[in-house]
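If you read the sequence shown in this note's numbering, its first letter stands for residue 1, the second for the next number, and so on.
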Amino acid sequence: MPDNCQLTLVSPITKVLTGPSGKDTTIKITNNSGGNAQFQSVTYDGNVVATAATSATFTIGTGDKKLSYVYEGSAAGDDIVITDPCGTQLDSFACDPGNFRIERTVIGTAAAAAGQGGGVPE
């Protein structure tokens with residue numbers, strides 16, 4: 001399994017993603033209708049992480065961060081899908097020539113510190 005499969009879709013309705021802060025993650029774009037699809041730009045937390053590519057890699061920050069992608073699809077209504085390298089579907093939408101910018105929220109969660117809790121204070 002590739003290391004960059006860090007994001008999880010919290011809800012298919014809100015399309016909020018979550019992942020462990022400090023970890024690198026990759027997103028990929030595909031056109032399931034058989035046409036072409038490409039990110040024109042991918043921005044995470046205000047920083048461009050990819051241009052003119054079919055994938056983008058970024059490091060998940062702590063807290064709520066904005067993930068924005070401007071994409072290019074083949075035709076109106078094409079089924080555009082965003083996945084990770086493991087094939088997990090993170091987002092999907094119909095290609096809309098009037099709206100090529102998609103914005104999502106990524107919530108970076110802190111890892112639990114080792115040895116926390118369960119002890120008896122001295």
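By construction, the Cβ of each residue, glycine as well, lies at the ideal position given by its N, Cα and C atoms.
As the structure is a computational prediction, the values presented were derived from the model and not from experiment.
In the three-state reduction of the DSSP assignment, Gly73 falls in the strand class. For the 7 Å CB-CB criterion, Lys15 and Asp45 do not form a contact. DSSP lists Thr18 and Asp64 as the beta-bridge partner residues of Ile107. Contact check for Thr43 against Ala37 fails: the beta carbons are separated by 7 Å or more.
Listed as beta-bridge partners of Thr51 by DSSP are Ser41. Taken atom to atom, the span from the alpha-carbon of Thr57 to that of Thr26 is near 4 Å. With a cutoff of 7 Å on beta-carbon distance, Ala110 and Thr62 are scored as near each other.
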